[in-house]
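What follows is a short report on a single structure.
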Amino acid sequence: MKRFEDASWRESMRIRFDYNNMMSDMIGEEYGISKEQILALQPKIKAAIEALKEKRKAGKTEWRDLPYTQADVVKDILATAEAIKNRFESFVVLGIGGSALGPIAVHQALNHLHYNELPREKRNGCPRFYVVDNIDPERMRALFDIIDVKSTAFNVITKSGSTSETMAQFLIVRDMLKEAVGDEYREHIIATTDAEKGNLIRIAREEGFKTFYIPAGVGGRFSELSPVGLLPAAVCGIDIEELLAGAAYMDELCSKDDVFENPAYMAAVLQYIAMKQGKNISVMMPYADSLKYMADWYAQLWAESLGKKFDVEGREVYVGQTPVKALGVTDQHSQIQLYTEGPFDKVITFIKVENFRSQVDIPKGYEDMPAVSFLGGHTLGQLLHAEQMATEYALYKAKRMNRTIILPEVNAFTVGQLLYLLEVETAFAGELLNINAFDQPGVEEGKNATYALMGRPGYEEKKAELEGRPKKREEYII
Ligand SMILES: O=P(O)(O)OC[C@H]1O[C@H](O)[C@H](O)[C@@H](O)[C@@H]1O
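Using this note's numbering, the first residue of the sequence shown is number -8, and each one after it goes up by one.
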């Protein structure tokens, strides 16, 4: 029996959402949100709930059902991960955006913080793990300096199957593999992509790569709980069944229609009201190095989903909230000044971990110097908690909106909950804002311009358009 099958263990691992410091009875009428404001939104909230339910029923938000629909996929992933473990020294993800940020965040959260530096037996026999989420030539070359392609498996991940960066990486790797291992290169490449759309699936089928599919109703930034995230996680020894069980548990917690009992809906409603009050920035500040890259993953989710323009009676309206990544306590020493005394334009979301997986005692010392010796006898975890609470207090005192997501500890079950919570919050915020949270039309222009500049056939007109742009003036470059 797995521990997540035990109801009392699950309950003990429930993530909680503390929104006290968003509320006017805590930070003051002028600065916070009142219960009445939330109640006044009930018709809108009800409509948003119905709209999300409809989408789920119509199969448009398949990401919501990933915790339940993948029993066979999980089996296949576990078998594949085992085979990779037995054969390869390194496992490299080639992908970008939604095809990279989730694998990075979950790996950082659930594996040793210096995973790659550990000897293999301390990695439970798992391969070293790298995610190449950029096309910087220096970084690519640096990777090839430390891996041996002969003993490396590459997981090419792209939902669209056509992202230039990922396909460029793929071409490079395929060529190197062919050179190094000849025809066997096929066994070194696993493709994770849409079952029908895009170029990668065609290539994968032609060349006989092992493939995993991203379901049609699962967009890149909502895909971490699909094979996009599950294969890399399983290869590195993470319990993916527990991850999915955590997501299913959060789905249950987010199934109530009463916003006061639904953490994802409440989180979204508060952000919605905050946005209306000019809070254009959403800072995510985990107080745990393991969750540092959750803020990266969340940044894409929140930015691409909610940053939209639309038409209201011929007038363009722009919505969205700029996500900012921060890390406690590190960024207390760089950003907190701005958060406490700068403009009232932010909501700060802390992520607090109650129990750390490691304990480090601070030894006593310098008893004759009280300003140093008070630290002795505490633990680093206590110091971190005190600093989180102190920062929360400082923000509360400065009447700045802040909220805290509390994880009893960091494990696959709580991380599954966290991912799912933030995904539902984002989708619900999208409904409240009346926008499509699942597209990203604003990234197309840049992509098309890149195609034109790189000479992709069919983009000749775009190239001409680009060449017709005003020439840059020397006088403005100094
Ligand atoms: O997974 P892919 O199709 O390669 O997409 C990778 C990324 O590409 C674009 O930049 C999209 O805006 C992102 O939402 C997406 O995650």
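Even glycine gets a Cβ: it sits at the ideal position worked out from N, Cα and C.
For clarity, every value in this text was computed on a predicted model and none was experimentally measured.
Any non-hydrogen atom of ligand 1 within 8 Å of residue i CB
i, result
"T417", "no"
"E170", "no"
"I148", "yes"
"G152", "yes"
"V303", "no"
"R460", "no"
"V209", "no"
"Q160", "no"
"T441", "no"
"T157", "yes"
"S217", "no"
"E474", "It is not possible to answer for residue 474, since the shown part of the chain is limited to -8 through 469."
"Q291", "yes"
"G86", "yes"
"K299", "no"
"G311", "no"
"R212", "yes"
"V140", "no"
"G89", "yes"
Helix, strand or coil at residue i [DSSP, three-state]
i, result
"F429", "coil"
"K201", "strand"
"Y387", "helix"
"I192", "helix"
"L85", "strand"
"E20", "coil"
"N11", "helix"
"N439", "helix"
"Y470", "Because the chain spans -8 through 469 in this model, residue 470 falls outside it and cannot be assessed."
"I163", "helix"
"V498", "This structure does not reach residue 498, given that the chain is present from -8 up to 469, and the question cannot be answered."
"A182", "strand"
Beta-bridge partners of residue i, as assigned by DSSP
i, result
"D352", "T370"
"R394", "T340"
"Y106", "Y106 is not bridged to any residue."
"N77", "N77 pairs with nothing; no bridge assigned."
"E187", "Paired residues: none, contrary to the question."
heavy atom of ligand 2 below 8 Å from residue i C-beta
i, result
"Q431", "As presented, the structure is devoid of ligand 2, carrying ligand 1 as its sole ligands."
Requested in this report: Please list the segments of the beta strand (DSSP E) lying wholly inside the segment 251 to 323, counting only runs of 3 or more residues, in order along the chain.
Outcome: 272 to 277, 299 to 303, 306 to 310 and 313 to 316
Report task. Give a yes or no on contact between the segment 450 to 457 and the segment 246 to 256, applying the rule of three or more CB pairs nearer than 8 Å. Result -> no
Query raised in the report: Is the segment 292 to 304 close to the segment 404 to 421, with three or more CB pairs under 8 Å?
Result: yes
Report task. Count the C-beta pairs between the segment 18 to 32 and the segment 396 to 407 that are closer than 8 Å, then say yes if the count reaches three, no if not. Result -> no
Query raised in the report: Per the contact definition of three or more C-beta pairs closer than 8 Å, is the segment 354 to 366 in contact with the segment 329 to 336?
Result: no
Requested in this report: Please confirm if the segment 211 to 228 is in contact with the segment 82 to 100, defined as three or more CB-CB distances below 8 Å between the two stretches.
Outcome: yes
Query raised in the report: Would you say the segment 37 to 45 touches the segment 220 to 230, given that touching needs at least three Cβ pairs under 8 Å?
Result: no
Query raised in the report: Looking at C-beta atoms only, is the number of pairs between the segment 109 to 129 and the segment 148 to 163 that lie closer than 8 Å three or more?
Result: yes
Query raised in the report: Taking three-plus beta-carbon pairs below 8 Å as touching, is the segment 252 to 261 in contact with the segment 309 to 322?
Result: no
Query raised in the report: Can we say the segment 107 to 120 touches the segment 223 to 239, given the rule of at least three CB pairs closer than 8 Å?
Result: yes
Query raised in the report: Quick one: any contact between the segment 342 to 354 and the segment 366 to 373, if contact means 3 or more CB pairs under 8 Å?
Result: yes
Query raised in the report: Any contact of the segment 273 to 283 with the segment 60 to 77, i.e. 3+ C-beta pairs under 8 Å?
Result: no
Report task. For the segment 23 to 77, list the alpha helix (DSSP H) runs that are entirely contained and at least 4 residues long, ordered along the chain. Result -> 26 to 31 and 33 to 48
Requested in this report: Check whether the segment 232 to 240 touches the segment -6 to 12, counting contact only when three or more Cβ pairs, one atom from each stretch, lie closer than 8 Å.
Outcome: yes
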